[in-house]
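Number of protein chains: 2
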Amino acid sequence: MPNDRDLMLELRRHYLFAALSQQQYDALAPHTHTRAFAAGQMLFAQGDIAQSFFLVRRGSIKLYRISAEGQEKIMRMPRAGQSFAESVMFMKEPRYPVYAQGLEDGELLAIESAAYLDMLRESFDTCRTVMAQMTQRIQAHWDEIESLTLQNSRYRVLHYLLKLVPAGAAGTIALKLPSRKSLIAAQLAVTPETLSRILHALNQEGLIELHDYTVRIPDIDALQGSLH
Amino acid sequence: MPNDRDLMLELRRHYLFAALSQQQYDALAPHTHTRAFAAGQMLFAQGDIAQSFFLVRRGSIKLYRISAEGQEKIMRMPRAGQSFAESVMFMKEPRYPVYAQGLEDGELLAIESAAYLDMLRESFDTCRTVMAQMTQRIQAHWDEIESLTLQNSRYRVLHYLLKLVPAGAAGTIALKLPSRKSLIAAQLAVTPETLSRILHALNQEGLIELHDYTVRIPDIDALQGSLH
DNA sequence: CGTGCCGCTTGATCCTGATCAAGCCGGGAA
DNA sequence: TTCCCGGCTTGATCAGGATCAAGCGGCACG
Chain A
1 MPNDRDLMLE
11 LRRHYLFAAL
21 SQQQYDALAP
31 HTHTRAFAAG
41 QMLFAQGDIA
51 QSFFLVRRGS
61 IKLYRISAEG
71 QEKIMRMPRA
81 GQSFAESVMF
91 MKEPRYPVYA
101 QGLEDGELLA
111 IESAAYLDML
121 RESFDTCRTV
131 MAQMTQRIQA
141 HWDEIESLTL
151 QNSRYRVLHY
161 LLKLVPAGAA
171 GTIALKLPSR
181 KSLIAAQLAV
191 TPETLSRILH
201 ALNQEGLIEL
211 HDYTVRIPDI
221 DALQGSLH
Chain B
229 MPNDRDLMLE
239 LRRHYLFAAL
249 SQQQYDALAP
259 HTHTRAFAAG
269 QMLFAQGDIA
279 QSFFLVRRGS
289 IKLYRISAEG
299 QEKIMRMPRA
309 GQSFAESVMF
319 MKEPRYPVYA
329 QGLEDGELLA
339 IESAAYLDML
349 RESFDTCRTV
359 MAQMTQRIQA
369 HWDEIESLTL
379 QNSRYRVLHY
389 LLKLVPAGAA
399 GTIALKLPSR
409 KSLIAAQLAV
419 TPETLSRILH
429 ALNQEGLIEL
439 HDYTVRIPDI
449 DALQGSLH
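Going down the list, the protein sequences come from chains A and B.
For what it's worth, our numbering labels the leading residue of the first sequence as 1, then goes sequentially.
For what it's worth, our numbering labels the leading residue of the second sequence as 229, then goes sequentially.
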């Protein structure tokens, strides 16, 4: 079990806490709780009243929505070190806009929104980083909406693969898919069958080499080029 | 031409300026410029460096993206009293994420981002309203992504119509479509043909009565109910 | 008063990706 | 070892909506 010092070092690495003074940190501490979760466990449902936001310490979570017919769209899959639901904090009637479910066993830190909000008041720097982060989120949403409406599924898969390659990489690279293929499909808003077929096609075309969960990209530029 | 006093009253009605002190307002004034625009006029392109954000005073604007094949998706259509591009302000390398083009002749106010940003530093209240607004935007994006991926085009049209009816209205209501049908189609990510067919179908089913740009809804609850 | 243009509608056809169905394979339990 | 079971693949079919094409009516302009 990590002690307070470990926890603090973890928090310091996160944008929501990096700019806090020791005082502010101490004031916040009593309003945070670690909580273990299991794979498959529901953490909260869409529409639940939100009193906390969360930081994933171990494991991973899926945030998703469900249509009337029961199909689910994964919005994000935050993993260790990432936070979620922090933007809900500022709503008048704060309700979670998604379902949250454990993906692998793990542990998260729940921070009471009210406490954090009080603290924001004292630190403009923190305000600024929070706003910058929200902006980034908004930007990512524009991009996602564009790619969902303006592009076909092949494009979305290609785009997803290219986002997986580390910045600055060139030429050949091998990478591992970060989750089950059916989850990736749900994120890209396609069926598992379609994802499978597209990956197969890319394989045939020599753009990727696929073995289980490892994808080798012989020529990143070629893959990039095949986007249009 | 409106004078400074009129302009100030206009600004006061907007969330980005409502919480400002007179001092802050005065400091900001030299960094704002009114600018007329014509229907069809390009205001900025996606990728342009952003030094300002905008408040529409008269007329309307369309914010959109274009796919490789040239089809466009309208993201928003801000009109008088609404602002746009304000969230770009917080990005490290601030570039507009959309194209902006005049829809009807009008006039807008450009506010230099740097000046506003400096001013935010002094007012936590303003920070808070800005953050609340961003949150709302994020929330709207989740909703849009859901409706684009989890629902079919008929649902999206129904949903659009229902958003047009004023809150609290019940029973029968008549309303006017706020823009050309082809623009509405571009916003809903369908073709004009499809929109036309869906409206026709709703007409046949007695859920709406359509004459040119006026839509009469005999029973709002019935329309609501036909969502699922 | 034609003429052409534009926005909208309507019909016919096509294509992408979903759905349905079957089989494969690897891992865990009896 | 055998038997499931769940995740993935592969094939066949289906359907929602895009595309292509034609026609209509209003309106601006010569």
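Beta carbons: idealized from backbone N, C-alpha and C, even for Gly.
Its Cα nearest to that of residue 447/B, the residue 402/B stands out among 402/B, 441/B, 410/B and 387/B.
The Cβ neighbour count for residue 42/A, taken over all protein chains shown within 10 Å, is under 16; the residue is labelled exposed. At a cut-off of 9 Å between beta carbons, residue 317/B contacts chain A. Here residue 316/B has 278, 281, 322, 323, 324, 325 and 341 as same chain residues with Cβ atoms under 8 Å from its own Cβ, once five neighbours each way along the sequence are excluded. CA-to-CA, the gap between residue 240/B and residue 234/B works out to about 10 Å. The CB of residue 301/B comes closer than 9 Å to the CB of 145, 146, 149 and 150 in chain A, given here in chain order.
Runs of the beta strand (DSSP E) spanning 3 or more residues and lying entirely within the stretch 235-308 of chain B occur at 260-265, 270-272, 280-294 and 300-304, in chain order. Look at the beta carbons and you see the stretch 66-86 of chain A touching the stretch 179-195 of chain A: at least three pairs across the two are nearer than 8 Å.
Burial is judged here by how many other beta carbons sit within 10 angstroms of a residue's own beta carbon; residue 306/B has at least 16 and is buried.
Membership of residue 450/B in the alpha helix (DSSP H) is indicated by the continuous run 448-453. For residue 333/B, the enclosing beta strand (DSSP E) has its first and last residue at 327-340. Residue 83/A is bridged by DSSP to 55/A. The Cβ neighbour count for residue 268/B, taken over all protein chains shown within 10 Å, is under 16; the residue is labelled exposed.
Contiguous alpha helix (DSSP H) elements confined to the stretch 347-412 of chain B occur at 352-378 and 381-392, taking only those with 4 or more residues. At a cut-off of 9 Å between beta-carbon atoms, residue 92/A makes contact with chain B. Beta-bridge annotation (DSSP): residue 217/A is paired with 173/A. With a 10 Å radius around the Cβ and a threshold of 16 neighbouring Cβ atoms, residue 400/B comes out exposed.
Around the CB of residue 18/A, fewer than 16 other CB atoms lie within 10 Å, so the residue is classed as exposed. With contacts defined as CB atoms closer than 9 Å, residue 312/B and residue 345/B fail to qualify as a contacting pair.
DSSP lists no bridge partner for residue 197/A. For residue 323/B, DSSP records a beta bridge to 277/B. Boundaries of the beta strand (DSSP E) around residue 439/B: 437-439. Distance between residue 296/B and residue 228/A, taken at the CA atoms: about 7 Å.
Contact annotation, residue 260/B with residue 338/B: C-beta distance approximately 7 Å; criterion of less than 8 Å satisfied. A straight line joining the alpha-carbon of residue 409/B with that of residue 391/B spans about 16 Å. Contact annotation for residue 385/B against chain A: no contact, minimum CB-CB distance about 15 Å [criterion: below 8 Å]. With distances taken between CA atoms, residue 443/B lies nearest to 389/B out of 389/B, 419/B and 394/B.
Residue burial annotation: residue 421/B is exposed, with fewer than 16 other C-beta atoms found within 10 angstroms of its C-beta.
The beta carbon of residue 198/A sits closer than 7 Å to those of 153, 154 and 157, all from its chain and outside the five residues before and after it, given in chain order. Ranked by how close their Cα comes to the Cα of residue 64/A, the residues 102/A, 25/A, 211/A and 92/A have 102/A in first place. Taking the CA atoms as reference points, residue 404/B sits about 20 Å from residue 419/B.
The alpha-carbon of residue 273/B is positioned some 27 Å away from that of residue 129/A.
Under the Cβ distance rule, residue 352/B counts among the residues neighbouring chain A, one pair being separated by less than 9 Å. The C-beta of residue 434/B has fewer than 16 other C-beta atoms within 10 Å across all chains shown, which makes the residue exposed. At least one C-beta of chain A is nearer than 9 Å to the C-beta of residue 348/B.
Contact of residue 98/A with chain B by beta-carbon distance below 8 Å involves 370.
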